[in-house]
Ligand SMILES: Nc1ncnc2c1ncn2[C@@H]1O[C@H](COP(=O)(O)OP(=O)(O)OP(=O)(O)O)[C@@H](O)[C@H]1O
Ligand SMILES: [Mg+2]
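Next up, the structure:
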């Protein structure tokens with residue numbers, strides 16, 4: 178088993194002036210499932226490839242366990258990688274595909290067969306060992322790709338969007354299988370995805386990247402309840418957190434005709450006399466009269482027990498879209514005008530200039 182450490186690791190591609198990964202500091206625990214998430218181009222694959230030894234590290238170090246692997250060739254790092262395009266060898270059977278790396282490594286035939294069989298059992302691939310890849314479903318092929326990594330019994334698994342070739346339904350099934358398999362094997366895993374739902378459901382912890390810079394690392398709950406900045410707030414959670422500017426008022430922030438209370442010292446820490454407020458859809462209370470921010474209802478999406486109300490308002494002369502989770506049985510309809518109030522305990526406030534969080538998060 179092994180830990181993984183990025184120590185101020187930086188990658189600047191030749192000809193580029195901005196780092197693709199900038200001063201990355203991150204520790205992955207022994208046996209942990211860490212998910213790296215971020216939008217396209219944020220440096221996820223680069224970080225993973227640096228760890229694999231496929232990309233040069235220009236500054237800083239990478240450690241696996243106690244070993245500094247920064248300048249070590251990939252084959253000596255004791256890692257196995259599953260890529261997005263896990264091309265299987267079409268002329269080989271499933272068993273041959275899974276055992277190929279072991280054969281190259283000179284592992285004896287009997288041991289190879291035993292390890293392939295063991296992995297095949299774990300992955301429910303035993304009935305297919307003699308088949309060629311073209312006679313498998315997409316999900317089965319994906320499991321063969323996982324099997325190739327497992328048979329090598331590496332200290333670390335690296336996975337770069339391994340589910341993106343699968344359709345939506347299969348992706349959901351397979352992500353559960355991968356997460357539970359990883360827990361059973363207990364192998365330290367770094368998993369890359371741009372899908373924040375995948376990150377929330379699979380990871381022990383999640384590292385959020387943007388423009389090559391690590392924004393926050395924490396448990397799914399940490400990131401959901403206490404995003405450190407506007408970017409993480411908007412990126413984690415679906416439907417996304419409502420985010421818009423609010424003016425400071427006496428004792429809090431102005432929310433339509435209502436003042437949402439905020440401690441004076443929190444507001445004093447902000448640049449200017451505005452903040453960006455963040456409210457999750459489940460923390461929006463909807464009323465038909467009284468105080469609050471007036472909203473025009475554009476659409477209500479029924480989900481059974483719940484529904485999502487999509488509406489808009491105007492803030493400082495610009496349109497702001499609002500999403501609220503409402504009761505599925507009893508809710509406003511398209512064209513209604515309603516008033517919204519935030520669940521005050523769960524307000525997130527961010528500095529309008531720096532995007533950094535201003536208030537401490539309430540946990541419950
Ligand atoms: N070989 C390369 N040479 C030069 N620049 C590169 C190279 N590979 C990636 N980049 C740049 O580095 C940045 C990070 O790319 P990277 O592939 O790590 O992003 P990513 O987060 O994996 O994105 P995606 O979700 O689209 O896979 C991008 O700006 C990209 O254009
Ligand atoms: Mg990538």
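In the working numbering, the protein residues as written are 178 to 541. Ideal Cβ positions, reconstructed from N, Cα and C, are used throughout, including at glycine.
Exercise. What are the boundary residues of the alpha helix (DSSP H) that includes residue 524?
Worked result: Position 347 of the chain shown holds residue 524. Where residue 524 is concerned, there is no enclosing alpha helix (DSSP H), given that its DSSP letter is neither H nor E.
For this session: Would you mind reading off the limits of the alpha helix (DSSP H) that contains residue 375?
Result: Mapped onto the chain shown, residue 375 falls at position 198. Note, residue 375: alpha helix (DSSP H), 373 to 379.
For this session: Verify whether the separation of the beta carbon atoms of residue 422 and residue 413 is less than 8 Å.
Result: Numbered from 1 along the chain shown, position 245 holds the residue referred to as residue 422. Numbered from 1 along the chain shown, position 236 holds the residue referred to as residue 413. Contact: no.
Exercise. How is residue 412 classed by DSSP in three states: helix, strand or coil?
Worked result: Residue mapping note: residue 412 aligns to position 235 of the chain shown, counting from 1. Helix at residue 412.
Exercise. Going by the beta-carbon positions, is the gap between residue 210 and residue 323 smaller than 8 Å?
Worked result: For this step, residue 210 is matched to residue 33 along the chain shown. For this step, residue 323 is matched to residue 146 along the chain shown. No.
Problem set entry | Sequence-distant residues of the same chain with beta carbon closer than 6 Å to residue 336, five excluded per side | Numbered from its first residue, the chain shown carries residue 336 at position 159. If we look at residue 336 and ignore the five residues flanking it on each side, its Cβ neighbours are 259 and 368.
Exercise. Between which two residues does the alpha helix (DSSP H) containing residue 317 stretch?
Worked result: By 1-based counting over the chain shown, the position of residue 317 is 140. That run of the alpha helix (DSSP H) goes 315 to 327.
Problem set entry | Three-pair Cβ contact test at 8 Å for the region 247 to 257 versus the region 330 to 349 | yes
For this session: State buried or exposed for residue 517, treating a residue as buried only when at least 16 other CB atoms are found within 10 Å of its CB.
Result: In the chain shown, the residue the question calls residue 517 occupies position 340. Result: buried.
For this session: Please work out which residues of its chain come closer than 7 Å, Cβ to Cβ, to residue 206, disregarding the five sequence neighbours upstream and downstream, and give them in chain order.
Result: If you number the chain shown from 1, residue 206 lands on position 29. Answer for residue 206: 180, listed in chain order.
Exercise. With distances taken from CA atoms, which of 390, 326, 376 and 419 is nearest residue 398?
Worked result: Walking along the chain shown from the start, residue 398 turns up at place 221. Minimum Cα distance to residue 398 is reached at 376.
For this session: Go through its chain and collect everything with a Cβ distance to residue 407's Cβ below 7 Å, but skip five positions before and after it.
Result: By 1-based counting over the chain shown, the position of residue 407 is 230. Excluding positions up to five away in sequence, the list reads 420, 453, 527 and 532.
Problem set entry | Spatial neighbours of residue 296 in its chain, beta-carbon cut-off 7 Å, leaving aside the 5 residues before and after | Walking along the chain shown from the start, residue 296 turns up at place 119. Result list for residue 296: 275, 324, 327 and 328, in chain order.
For this session: Taking the CB atoms as reference points, tell me whether residue 319 and residue 351 lie closer together than 8 Å.
Result: For the purposes of this step, residue 319 is taken as residue 142 along the chain shown, with counting starting at 1. For the purposes of this step, residue 351 is taken as residue 174 along the chain shown, with counting starting at 1. Contact flag set, yes.
Exercise. Taking only runs of the alpha helix (DSSP H) that begin and end inside the region 246 to 302, which ones reach a length of at least 4 residues, in chain order?
Worked result: 271 to 281 and 286 to 299
Problem set entry | Exposed unless 16 or more other CB atoms sit within 10 angstroms - verdict on residue 467 | Residue numbering aside, residue 467 sits at position 290 when the chain shown is read from its first letter. Its Cβ having fewer than 16 others within 10 Å, residue 467 is exposed.
Problem set entry | Residue of 184, 385, 463 and 388 minimising C-alpha distance to residue 202 | For this step, residue 202 is matched to residue 25 along the chain shown. When only C-alpha atoms are compared, the closest one is 184.
Exercise. Ligand 2 heavy atoms versus the CB of residue 311: any closer than 7 Å?
Worked result: In the chain shown, the residue the question calls residue 311 occupies position 134. The answer is no for residue 311.
Exercise. For residue 315, which residues of its own chain have a beta-carbon under 8 Å away from its beta-carbon, when the five flanking residues on both sides are left out?
Worked result: As a first step, residue 315 must be located in the chain shown, where it is residue number 138. Result list for residue 315: 342, 343, 344 and 347, in chain order.
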